[in-house]
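S.K.:
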Amino acid sequence: MKKIIVLGALFGLVACGEASKKEVVVKEEVKVVNGDTTISRTTETVDAGSATSGEQKEINIRIVGPNEFVEIAATEKGQVIDVRTAAEFEGGHLEGAQNLDFLNGDFQAALQNMDKSAPVLVYCQSGGRSAKARTMLEEAGFENIVEMEGGYRNYTLVQEANSKH
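Under the working numbering, think of the first position of the sequence shown as 390, with each following residue one higher.
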C-alpha cells in the first residue's frame with residue numbers, strides 16, 4: 390500500500406530593517422511503502438525582504454525497517470552511526486557501525502567532522518535517541534539521512550525471526 394502526502398508552499402517573508410537569510414520549506418513529500426517511510430524535503434535559502442529565490446537544497450530522510458537499513462548500509466556506503474551508550478554497543482552492534490553516544494555528547498561533537506553529503510545511517514536501542522539524532526542531522530544540513538525504525542532491539546527480533554525460516 391502506498392500513501393503519498395504532498396505539502397508545498399513558498400512562504401512570503403517580511404523584513405523589518407536589515408536583510409537576513411532564511412531557509413524555508415518549499416515542498417515536502419512523505420511516502421509510506423510496506424511500512425517504510427521516506428520524507429523528501431526541498432528547502433530554499435532566501436533573503437528576507439527580497440522577492441527573489443535563492444539556492445534550493447533537497448534533503449532525503451528515510452525511516453526504514455532493519456532489513457532495508459542493512460541493505461542500504463551495504464549498497465550506499467554511508468556513515469553508520471550507533472548512538473547508544475558504550476555498554477549497549479559492546480552488547481552487540483551492526484557490523485561497521487561507529488559508536489557515538491547521544492547521551493554523553495559524543496554524537497553532537499562528531500557532527501562537525503562528518504561528511505554532510507554522504508548518507509548517514511543512524512540507529513539506537515529502540516528508536517527514541519535515533520529520532521532525536523535524525524532531527525539534529527537534518528538541522529545541521531545533512532542531505533541524506535536513514536534511520537532504523539525500532540532500533541537495534543527491532544533488528545535483533547527481525548534477525549531471530551529470519552533465522553527460524
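Where is the CB? At the ideal position from N, CA and C, for every residue including glycine. Since the structure is predicted, the reported quantities are computational estimates derived from the model, not experimental observations.
Once DSSP output is grouped into helix, strand and coil, what is the label at D490?
M.R.: Numbered from 1 along the sequence shown, position 101 holds the residue referred to as residue 490. It is coil, neither helix nor strand.
S.K.: Grouping DSSP H, G and I as helix and E and B as strand, with all else coil, what is Q548?
M.R.: Here residue 548 is taken as the residue at index 159 of the sequence shown, counted from 1. DSSP places Q548 in helix when its eight states are reduced to three.
S.K.: Measure the C-alpha to C-alpha separation of A499 and R473 and round it to an integer number of angstroms.
M.R.: For the purposes of this step, residue 499 is identified with residue 110 of the sequence shown, where counting begins at 1. For the purposes of this step, residue 473 is identified with residue 84 of the sequence shown, where counting begins at 1. The alpha-carbon atoms of A499 and R473 are separated by roughly 14 angstroms.
S.K.: Does the Cβ-Cβ distance between E532 and K553 come in under 8 angstroms?
M.R.: Your numbering for residue 532 matches position 143 in the sequence shown. Your numbering for residue 553 matches position 164 in the sequence shown. No, the Cβ-Cβ distance between E532 and K553 is not below 8 angstroms.
S.K.: DSSP three-state call for E465: helix, strand or coil?
M.R.: In the sequence shown, residue 465 corresponds to position 76, counting from 1. The answer is helix: DSSP assigns E465 an H, G or I state.
S.K.: In chain order, what residues of the same chain have a beta carbon less than 8 angstroms from the beta carbon of Q468, not counting five sequence neighbours either side?
M.R.: Locating residue 468 in the sequence shown gives position 79, where the first residue counts as 1. So the qualifying residues of the chain are Q487, M503, D504, A507, P508, V509, L510.
S.K.: The beta strand (DSSP E) with M503 in it runs from where to where?
M.R.: Taking the first residue of the sequence shown as 1, we reach residue 503 at position 114. That residue, M503, is in no beta strand (DSSP E); it is neither H nor E in DSSP.
S.K.: List the DSSP bridge partners of D471.
M.R.: If you number the sequence shown from 1, residue 471 lands on position 82. According to DSSP, which records beta bridges pairwise, D471 is partnered with N488, Y512.
S.K.: Please state whether the Cβ-Cβ distance between S515 and E536 is less than 8 angstroms.
M.R.: Residue mapping note: residue 515 aligns to position 126 of the sequence shown, counting from 1. Residue mapping note: residue 536 aligns to position 147 of the sequence shown, counting from 1. Going by C-beta atoms, S515 is not nearer than 8 angstroms to E536.
S.K.: Measure the alpha-carbon distance for N456 versus E549 and round it to whole angstroms.
M.R.: Walking along the sequence shown from the start, residue 456 turns up at place 67. Walking along the sequence shown from the start, residue 549 turns up at place 160. The straight-line gap from Cα to Cα measures roughly 12 angstroms.
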